[in-house]
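Some notes on the structure that comes next.
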Amino acid sequence: MKLFEEVSAETSTDGPPPEASLPGGEDWEVVPEDEVQDDEIIGRVFKASLWVIAAVIVGLGAFFLFSQDEALSEERSITVAAPEAIGEISATPTMPFSDVTQEARIDFVHNNGAYGDKLLPESLGGGVAFLDFDSDGDQDLLFVDSGEWAHQSSVLEPPVALYRNEGGFRFTDVTRRAGLEDLTSTGSYGMGVAVGDYDGDGDPDLFLTAVGSNRLLRNDSGRFLDVTDKAGVAGLEDDWSTSAAFLDVDGDRDLDLVVCNYVRWSKEIDFELDFRLTGIGRAFGPPQSYEGSYPYLYRNDGSGVFTEFTAESGLKVENPATGEPMAKSLALAPADVDGDGWMDFIVANDTVRNFFFHNQGGTFEEIGEVLGVAYDRNGNATGAMGVDVGHYRNDGNLGFLIGNFANEMSTVYMSQDDPLFYVDEAISEGIGAPSRSVLTFGLFLFDADLDGRLDLFQANGHLESEIQAVDPSQTYRQAAQIFWNGGDEGFLPLDPGATGDLSQPVVGRGAAYADLDDDGDLDIVLTQVAGPPLLLRNDQNSGHHWLRLRLVNPGPNWDAIGAWVTVRADGISQRRQVMPTRSYLSQVELALTFGLGDSPTVESVTILWPDGLEEDLGSLPVDRLHRIERKL
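Under our numbering, think of the first position of the sequence shown as 172, with each following residue one higher.
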């Protein structure tokens with residue numbers, strides 16, 4: 172999150188960065204970056220002209236080499252041909268989304284507790300999750316509220332709102348009925364949520380992150396019990412935890428817990444730094460001025476108790492210049508990138524390099540720089556927010572996508588026929604220029620029109636309500652974006668007129684997806700800071716076929732988190748991973764959706780279960796959801 176221009180990618184200090192070192196809390200001024208060439212145009216011709224660039228480099232190199240000695244070399248001329256004309260870009264589809272929030276009876280409004288002091292956490296909440304908490308087969312909705320600050324109000328509301336899906340896009344508020352009204356005693360300031368069946372009883376449990384103590388809630392047949400103290404996962408009272416994930420890191424088949432932590436923050440530190448915008452007043456300051464933190468790893472002991480395993484696991488990364496914690500983490504995306512059976516994960520860090528934790532058999536080695544996912548294409552650390560991962564090219568290569576701060580394009584790390592080598596291809600994939608003009612938090616890959624290719628959704632919104640007064644290129648409310656996957660043509664941004672209510676400006680934060688009306692396509696929910704969420708029904712009418720799979724793995728990892736499914740149709744193989752942790756502070760549904768385009772059949776369905784067992788299901792009927800229970 173870089174509201175102000177910064178030059179340091181790595182160095183963490185105990186006070187303000189050099190630009191803010193003047194005493195007296197002098198005003199800060201946003202300095203927009205100079206305009207750059209149209210990256211979108213560059214991206215569209217980039218792939219087609221690579222051979223021309225290579226020819227020019229080789230030719231010029233030879234020219235300058237031989238021209239150094241005029242006595243031995245005759246004057247030479249080089250003729251460079253222009254790139255061949257590229258065919259017209261395919262017409263992008265219309266993909267209307269309809270705002271059904273009120274129709275669905277969702278009346279939640281996020282409360283960020285703001286009372287004028289511009290405290291940094293007030294700008295960054297809150298998360299959202301789809302889950303089937305009552306095991307009736309429908310996806311229910313849970314919103315994380317931040318709430319009033321404990322020092323500001325003695326009347327505390329539940330930090331979450333739970334809505335039961337009644338079908339037909341109708342929801343009922345069951346927060347109190349589900350036992351969640353009892354969560355007001357700690358006064359923590361809510362941030363995000365992770366969903367996972369940590370006790371293996373078939374019910375999804377909840378982990379809530381916060382500024383302050385975190386909470387673990389065990390699902391007991393649809394009613395939640397606070398088991399934080401027994402489980403030992405509260406963290407410290409002065410922690411600021413953000414995104415979290417349940418995953419099996421040590422191969423014992425039960426779900427462990429990874430928790431991202433942001434910066435060392437307090438109200439007193441915030442006021443001491445006293446960030447300001449020229450002509451505006453107090454502002455949300457940049458994270459460079461705060462000390463970093465370590466993520467947490469809690470190992471599930473199988474008896475309802477977790478053991479913190481952070482130091483032993485290798486997750487404590489220190490700034491080599493200061494010896495202090497380096498991480499300033501907002502999101503993570505788990506994936507077994509090299510297929511060795513051990514879950515790895517990437518961590519999106521804000522203004523310091525991203526981490527990639529490579530699983531060595533229960534412990535981790537941080538190799539983000541080695542893999543090429545630590546910095547953007549220019550070698551800079553970014554204001555990284557949300558993250559997702561997927562095989563969006565339908566080949567063997569994996570892509571990590573990260574949403575960044577304003578005036579920074581989203582990052583697209585694509586593997587280069589090597590699971591441990593990545594390059595930022597944001598420009599060549601067509602995401603560069605259109606993503607540069609917004610500030611992106613939640614983002615995820617999903618097949619919006621069921622054509623068999625993963626598209627990209629981004630939830631956008633600034634931090635400062637008056638940002639346009641100091642940076643005319645920015646607005647506080649920003650429309651969400653869909654980048655349609657055009658295959659060889661890369662990603663193409665859909666015109667706002669093609670996306671219906673999705674194009675309305677919002678202050679976007681968390682985002683998730685699920686099929687709420689059983690029509691095969693994926694609906695979206697996105698949250699706003701200090702505002703109502705948007706529940707968006709997918710009204711695309713492509714007529715494309717689809718296949719949905721819900722995996723069940725009896726045992727500790729009931730939901731088969733970490734399993735990979737490959738569906739082959741019309742000669743193309745699509746791969747999806749069972750992993751609800753995506754986006755920013757949020758969780759998507761567990762079912763996997765495969766768009767099939769015009770293909771009315773699938774050739775094969777193969778499951779690689781979390782313990783390494785591979786199961787071939789052959790062909791399955793399309794246009795329906797299949798519940799697949801593992802054969803013991």
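Think of the CB as a built atom: it goes at the ideal place given N, C-alpha and C, for glycine as much as any other residue.
Can you find at least 3 beta carbon pairs, one from the region 763 to 773 and one from the region 569 to 582, that sit closer than 8 Å? no
Does DSSP classify R424 as helix, strand or coil? coil
Best match in I743, N712 and P458 for proximity to A669 [C-alpha to C-alpha]: Of the candidates I743, N712 and P458, the one whose C-alpha sits nearest the C-alpha of A669 is N712.
Note the first and the last residue of the continuous alpha helix (DSSP H) segment covering E785. From DSSP, E785 is part of no alpha helix (DSSP H) but of the beta strand (DSSP E) over E785 to G789.
Excluding sequence positions up to five away, which residues of its chain have a Cβ less than 7 Å from the Cβ of F477? A402, G403, V404, L428, Y469, R470 and N471
Would you kindly report the start and end of the unbroken beta strand (DSSP E) that includes D391? R386 to D391
Beta-carbon gap between A545 and N525 smaller than 8 Å: yes
Near W729, what residues of its chain come up, given a Cβ to Cβ distance below 8 Å and the 5 sequence neighbours on each side ignored? D368, G371, D372, G373 and V723
Am I right that G456 and L291 are in contact with their C-beta atoms under 8 Å? What's the rounded C-beta distance? Between G456 and L291 a beta carbon distance of about 7 Å is seen, short of the 8 Å cut, so the two are scored as contacting.
Under DSSP, the beta strand (DSSP E) around S412 begins and ends at which residues? S412 to L418
Coil, strand or helix - G742 by DSSP: In the structure shown, G742 sits in coil (DSSP, three-state: anything other than H, G, I, E or B).
Here's the rule I'm using: 16 or more other beta-carbon atoms within 10 Å means buried, otherwise exposed. How should H633 be labelled? Flag for H633 reads buried.
Which of helix, strand or coil DSSP assigns to R564: coil
Buried versus exposed call for D316 [16 or more other C-beta atoms within 10 Å across all chains shown]: buried
Does DSSP classify P496 as helix, strand or coil? strand
Using three-state DSSP, classify S577 as helix, strand or coil. For clarity, residue 577 is Ala in the given sequence; the question names Ser instead. Residue state, collapsed to three classes: coil.
Separation of E785 from R727, as counted between CA atoms: Before going further, note that residue 727 is Pro rather than Arg in the sequence given. One C-alpha to the other measures close to 18 Å.
How is P505 classed by DSSP in three states: helix, strand or coil? Strand at P505.
In whole angstroms, what separates the C-alpha of A630 from that of D672? 13 Å
Please report the straight-line C-alpha distance between V736 and P505, rounded to a whole angstrom. 16 Å
For D410, which residues of its own chain have a beta-carbon under 6 Å away from its beta-carbon, when the five flanking residues on both sides are left out? N432
Could you tell me whether any Cβ in chain C is nearer than 8 Å to the Cβ of E800? Of the protein chains in this structure there is only one, and it is not chain C.
Could you give the distance in angstroms between the alpha-carbon of Y334 and the alpha-carbon of N490? 43 Å
Compare the Cα-Cα distances from G512 to each of N336, D423 and D686 and report the closest residue. D423
Between E408 and the rest of its own chain, which residues show a CB-CB distance below 7 Å, the 5 nearest in sequence each way excluded? G383 and S384
Report the residue ranges of all beta strand (DSSP E) runs contained in full by the region 695 to 782; include only those spanning at least 3 residues, in chain order. For the region 695 to 782, whole beta strand (DSSP E) runs of length 3 or above, ordered along the chain, are 705 to 709, 716 to 723, 735 to 740, 743 to 748, 763 to 768 and 775 to 779.
I'd like the span of the beta strand (DSSP E) that includes S269, first residue to last. F268 to D270 is the span of the beta strand (DSSP E), which, as asked, contains S269.
DSSP three-state call for S586: helix, strand or coil? strand
T449 and Y467 closer than 8 Å at C-beta: no
Applying the 10 Å Cβ sphere with the 16-neighbour rule, what's the burial state of H281? buried
How many Å lie between T464 and D690 at the Cα? Note on identity: in this sequence residue 464 is Ser, with Thr being the wrong assignment. Looking at the two C-alpha atoms, the distance is approximately 43 Å.
Is the beta carbon of L542 less than 8 Å from the beta carbon of Y461? Between L542 and Y461, the C-beta spacing is not below 8 Å.
Do you know whose CA, among D376, E274, D397 and F395, lies nearest G338's CA? E274
Taking V541 as part of the alpha helix (DSSP H), name the residues at either end of that continuous run. Counting along the chain, the alpha helix (DSSP H) containing V541 begins and ends at G539 to L542.
Cutoff 6 Å; reference S359; Cβ partners in own chain excluding five residues on either side: A381, G383 and S384
Rounded to the nearest angstrom, what separates V776 and A577 at their Cα positions? 41 Å
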